[in-house]
Amino acid sequence: MRIGVVILPDLRWPQALERWRDAEQRGFATAWTYDHLSWRSLRDEPWLGTVPLLAAVAASTTTLRLGTLVATPNFRHPVLFAKDVMTLDEVSTGRIDLGLGAGPGNGYDADALGLPHLSPADRAGRFEEFVEALDVLLREPAASYSGTFFTAVESRTYPGCTQQPRVPFTLAATGPRGLKLATKHAQSWVTFGPMMRNPSPVDWYDGVRLQVERLDEQCAAIGRDPASLRRVALVGLETEWAQSSPTAWDDFTGQVEQIGFTDVIVHWPRPHDARLPGPPPAVFDHISDRLTKALP
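Residue numbering for the sequence shown follows the numbering used here, beginning at 387 and increasing consecutively.
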């Protein structure tokens, strides 16, 4: 079981650098940040750009795998984003994981660009094209793509990704179209649980079991070995029951491992922000203490 951490890009650079280096020293396998122009109740507070932040972190760490969780087509175009991702992979010497998601139907990112709100069907279609185009552009340093939402004409991403054939994709998906897309293009699938507000532990576990079953069905439909797709459980900032104590955390990770998950991602604690608390610091230290003890 790999353990990763989400670090929000809401710190000024000196404090942010200290936190990302601390994540590496604590033994986390992966570290992720959200890819938004602004976010929820933090819209008028510091919020750094994801690509330059990850580039700076990549140049300042050595072992930590870094990624977006998740980048969306709400304000990203695959041509420009493929160039950025290829460069991040170069700077990090092959430590980038690209987390991708459809993004909300409406929200600050799309609104900031004055974009119209898409129907659920169009949003799903746009996400499919976004993933397909990135797959082509990151595999082939000179490539074109033509779709309803995105077009690339002889786009160049030389010298290409350090990781071959391209950086690994981690796709967020819960519905049939998204799960099908994940089985076709992703190396990892990530979920934050069932699509319901504040699910109970029983509802959460039942929901992710059903998602895993549907993911395996989609793998079978295209002849893919289900074991070739990593399964990532993202513990939301509001999922208090899973991270309320060291015992609760150990029970949670044991349960999800039995369901078939290979990775769990927790948020860096925010004890002074009641809006987005995350795990208590003592639980976070319990998690990282186990990781540091396992380091060679």
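Built from N, CA and C at the ideal position, the CB exists for glycine as well.
It should be emphasised that the depicted structure is a prediction, and the values quoted were computed from it without experimental measurement.
Supposed contact pair residue j and residue i - C-beta distance, whole angstroms, cut 8 Å
i	j	result
R617	G646	6 Å
L452	L440	5 Å
V576	G435	About 22 Å separates the two Cβ atoms, so there is no contact after all.
Min CB distance residue i to chain B below 7 Å
i	result
Q629	Included in the structure is just one protein chain, with no chain B present.
Residue i burial status per 10 Å Cβ neighbour count (16 or more: buried)
i	result
A572	buried
A619	buried
T419	buried
N460	buried
L520	buried
K566	buried
L466	exposed
I389	buried
A680	exposed
L601	buried
Alpha carbon of residue i to alpha carbon of residue j, nearest angstrom
i	j	result
R595	F535	33 Å
S683	M387	With the chain represented from 387 up to 682, any question about residue 683 goes unanswered, as that position is not in the structure.
D375	A409	Since the first and last residues shown for the chain are 387 and 682, residue 375 lies out of range.
F516	A498	19 Å
G546	A668	42 Å
G487	A457	6 Å
H463	R552	18 Å
R512	T473	24 Å
Beta-bridge pairing of residue i - partner residues as DSSP gives them
i	result
W418	V392, G453
I651	G390, L620
F555	L484
R407	Bridge partners of R407: none, in fact.
Distance cut-off 6 Å: residue i Cβ against heavy atoms of the ligand ADP
i	result
A519	Here there are no bound small molecules, and the ligand ADP is not part of this structure.
At 4 residues or longer, and completely inside the stretch 429–507: list those alpha helix (DSSP H) runs for me, N to C. Fully enclosed alpha helix (DSSP H) runs of 4 or longer: 436–444, 464–477, 494–498.
Which runs of the beta strand (DSSP E) at least 3 residues long sit entirely within the stretch 564–596? Give them in chain order. Fully enclosed beta strand (DSSP E) runs of 3 or longer: 574–577.
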